[in-house]
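One structure below.
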Amino acid sequence: MSLVEKYNVSVPRYTSYPPANFFRELQPSDYLEAVSRSNNEGTKLISFYIHMPFCRRLCHYCGCNSYIMPSNGDTVNRYIEAIHKEIDIVAAHLDKSRPISQIHFGGGSPTAMPVSVLKEVNDHLLSLFPTIEKPEIAVECHPGYLTESDWQQLTESHFNRFSLGIQDLNDKVLDAVGRTPSNLPLDVIMTILRQAGATVNMDFLFGLPYQTADSFAKNIERAIELRPDRLVTFSYGHVPWVFKRQMILEKHGLPATEEKQRMYEVASAMLHEAGYKSIGLDHFVLPDDELYRALEAGLLYRNFQGYCTRRTTGQVYAFGATGISQLDSSYAQNTKVIDEYVNTTLNGVLTTTKGYLLTEQERIAKEVIERLMCNYRISWSELASTMGISIDQVKSALHYEESQLNEMASDGIITISADGMAMTDEGHPFVRNVAAALDPLMQNTDKKFSKPI
Numbered sequence: 001m002s003l004v005e006k007y008n009v010s011v012p013r014y015t016s017y018p019p020a021n022f023f024r025e026l027q028p029s030d031y032l033e034a035v036s037r038s039n040n041e042g043t044k045l046i047s048f049y050i051h052m053p054f055c056r057r058l059c060h061y062c063g064c065n066s067y068i069m070p071s072n073g074d075t076v077n078r079y080i081e082a083i084h085k086e087i088d089i090v091a092a093h094l095d096k097s098r099p100i101s102q103i104h105f106g107g108g109s110p111t112a113m114p115v116s117v118l119k120e121v122n123d124h125l126l127s128l129f130p131t132i133e134k135p136e137i138a139v140e141c142h143p144g145y146l147t148e149s150d151w152q153q154l155t156e157s158h159f160n161r162f163s164l165g166i167q168d169l170n171d172k173v174l175d176a177v178g179r180t181p182s183n184l185p186l187d188v189i190m191t192i193l194r195q196a197g198a199t200v201n202m203d204f205l206f207g208l209p210y211q212t213a214d215s216f217a218k219n220i221e222r223a224i225e226l227r228p229d230r231l232v233t234f235s236y237g238h239v240p241w242v243f244k245r246q247m248i249l250e251k252h253g254l255p256a257t258e259e260k261q262r263m264y265e266v267a268s269a270m271l272h273e274a275g276y277k278s279i280g281l282d283h284f285v286l287p288d289d290e291l292y293r294a295l296e297a298g299l300l301y302r303n304f305q306g307y308c309t310r311r312t313t314g315q316v317y318a319f320g321a322t323g324i325s326q327l328d329s330s331y332a333q334n335t336k337v338i339d340e341y342v343n344t345t346l347n348g349v350l351t352t353t354k355g356y357l358l359t360e361q362e363r364i365a366k367e368v369i370e371r372l373m374c375n376y377r378i379s380w381s382e383l384a385s386t387m388g389i390s391i392d393q394v395k396s397a398l399h400y401e402e403s404q405l406n407e408m409a410s411d412g413i414i415t416i417s418a419d420g421m422a423m424t425d426e427g428h429p430f431v432r433n434v435a436a437a438l439d440p441l442m443q444n445t446d447k448k449f450s451k452p453i
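Each residue of the sequence shown is one higher than the one before, counting from 1 in the working numbering.
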């Protein structure tokens, strides 16, 4: 049996620990208490996430909490008003000396909103707190509708990192998934952003209808020519029981698992040949990128918005419908219902509906799994020293079964030493499986997840 056949099973993505489908009911008062506690827990750095849920058109593959942009401008205006109100409510519980290290706009399509609206939110946040030197202020961009003037205005609105949602450059693929192609040639966009001194991510998605390893390689070839600072090859997660719109893709047919694996392998080889370095499951960066330096030092981190370094990793306070805050010892998610979010927030009440308060044991497991997922290795002594506990206490917080880990080592996906374990190069695609093997919550669970490939 091949590694793909054996390990391509349902496991969490571990963009959080516990995974979001373990969240349970949480009250706004619980969240505000957690916000106040967060001033004295974990890092002092602040990361803000702003969820802009609207899109001009919904892509069939999308696994985000997204909604069609309403034709009624009043709805959008009131949503933005609610964002500002929520910022003020939460900020009242935060230590004003804590610095902002990161601001991230996600969606939906944040750039479906007027650029002036995004700038106003940035202005609001930056007026309340100091910042670290060179904070990362990022926005996810759908290039399908943006003009040269739009791009220029974005560079003048405090943003210094732009994630371009390319997904694929083949019109047949884009048409099948309901994605509008870029309004401008990519080299024009890159010139505008480069001249402004911004850094650029390009996002591609593999595993979509009509994609092959050869066709996906053409995307990567073009991206290499444009030389973005970071390039992401996301694996499409087919979970139609969660997002029913994904069922549309089944009419076109999805690539076989083996072909999907080849897409990743070919893309990875091309990017390595071009000088990019692998970060985690799906990111590739240039050698001078701070993410790569963090990986080399074993200090790479991750939140819902992506990989980050110790310099920019903050506790995340999220605003907007469906926004998920990630504090040192808790998570909190807002309602998904736009009208409920707007009306309740404008009345001065938060719309926290669910979340998770971690136990001490779970905080240990969280640290172990995050380090493995980000850095592909674990040192028991380093973890124990960092957390101020014994190695036995670290292991007792996990589902630590030597026979299962030894089997993974025999299969060649990890190596085991006296002080820890490390993923092999061949095992990198299966890091989620190793994390799940260590996860106490994954033993005898009936929750569903996507497959790693």
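For glycine and all other residues, C-beta sits at the position ideal for the given N, C-alpha and C.
Since we're looking at a predicted model, the values are computed, not measured.
* Asked: Count the other CB atoms within 10 Å of the CB of Gln404; is the residue buried (16 or more) or exposed (fewer)?
  -> Exposed, because fewer than 16 other Cβ atoms sit within 10 Å of the Cβ of Gln404.
* **For Gly135, the three-state DSSP class (helix, strand or coil)** => The residue asked about is misnamed: residue 135 is Pro in this sequence, not Gly. Strand, per DSSP.
* Asked: Can you tell me whether Thr191 is buried or exposed, with buried defined as 16 or more other CB within 10 angstroms of its CB?
  -> exposed
* Asked: Between the Cα of Ile416 and the Cα atoms of Asn72, Thr352, Glu402 and Ala217, which residue gives the shortest distance?
  -> Glu402
* **Gln333 beta carbon less than 7 Å from that of Ser38** => no
* To do: Could you tell me if His104 is buried or exposed, where buried requires 16 or more neighbouring beta carbons within 10 angstroms of its beta carbon?
  => Buried is the call here.
* To do: Have a look at Lys6 and Lys172 and give me their C-alpha separation to the nearest angstrom.
  => 33 Å
* Cβ neighbour criterion (16 or more within 10 Å) applied to Met421 -> Residue burial annotation: Met421 is buried, with at least 16 other C-beta atoms found within 10 angstroms of its C-beta.
* Asked: Among residues of its own chain, excluding the 5 on either side of Arg377, which ones have a beta-carbon nearer than 6 Å to its beta-carbon?
  -> Ala422
* Would DSSP call Ala318 helix, strand or coil? -> strand
* Asked: Are the beta-carbon atoms of Ala384 and Val394 separated by less than 7 Å?
  -> yes
* Would you call the CB atoms of Tyr145 and Ala176 closer than 7 Å? -> Result no, Cβ atoms of Tyr145 and Ala176 do not sit closer than 7 Å.
* Three or more C-beta pairs below 8 Å linking the stretch 107-115 and the stretch 358-374 -> no
* To do: Along the alpha helix (DSSP H) that carries Asn375, what are the first and last residues, could you check?
  => From DSSP, the alpha helix (DSSP H) with Asn375 extends over Glu360 to Asn375.
* Asked: Just checking, does the stretch 41-56 make contact with the stretch 304-322 on the three C-beta pairs under 8 Å criterion?
  -> For the pair of segments examined, the stretch 41-56 was found to touch the stretch 304-322: the number of CB pairs separated by less than 8 Å reaches three.
* To do: Would you list, in sequence order, the uninterrupted alpha helix (DSSP H) runs of no fewer than 4 residues that lie entirely inside the stretch 199-252?
  => Listed in chain order, they are 213-226 and 247-252.
* **Nearest residue (CA-CA) to Phe234, options Asn8, Asp168, Tyr356 and Asn65** => Asp168
* Asked: What whole-angstrom Cβ distance do Leu226 and Phe284 have, given they're in contact under 8 Å?
  -> Between Phe284 and Leu226 the Cβ distance is about 13 Å, and since that is not below 8 Å, they are no contact.
* Asked: Where in the stretch 246-304 do unbroken runs of the beta strand (DSSP E), each at least 3 residues long, occur, reported from the N-terminal end onward?
  -> 277-279, 283-285 and 301-303
* Taking the alpha carbon of Asp480 as the point to measure from, which residue in Leu164, Ile364, Pro143 and Arg222 has its own alpha carbon closest? -> Absent from the structure is residue 480, since the part of the chain shown begins at 1 and ends at 453.
* Asked: Whole beta strand (DSSP E) runs in the stretch 124-184 with 3 or more residues, listed along the chain?
  -> 131-141 and 161-167
* Got a sec, what are the start and stop residues for the beta strand (DSSP E) His104 sits in? -> Ile100 to Gly107
* Determine, using beta-carbon pairs with one atom in the stretch 288-306 and one in the stretch 27-42, whether at least three such pairs fall under 8 Å. => no
* **Thr309 burial status per 10 Å Cβ neighbour count (16 or more: buried)** => buried
* Cβ pair Met202, Ile166 closer than 7 Å -> yes
* Output the distance between the C-alpha atoms of Tyr331 and Thr424, rounded to the nearest integer angstrom. => 32 Å
* Asked: Taking the C-alpha atoms as reference points, what is the distance between Phe162 and Asn122?
  -> 15 Å
* **Other residues of its chain near Ile100: CB distance less than 6 Å, five sequence neighbours each side excluded** => Ile46, Phe129, Thr131 and Pro135
* In the DSSP assignment, find the unbroken beta strand (DSSP E) run with Gln404 in it and report its ends. => Unbroken run through Gln404 is the alpha helix (DSSP H), Glu402 to Ser410; no beta strand (DSSP E).
* Among His399, Ala437, Ser29 and Ser390, the one whose alpha carbon lies nearest that of Ile413 -> For the residues His399, Ala437, Ser29 and Ser390, the minimum Cα distance to Ile413 belongs to Ala437.
* **Close beta carbons around Ser215, own chain, < 7 Å, minus the five adjacent residues each side** => Asn170
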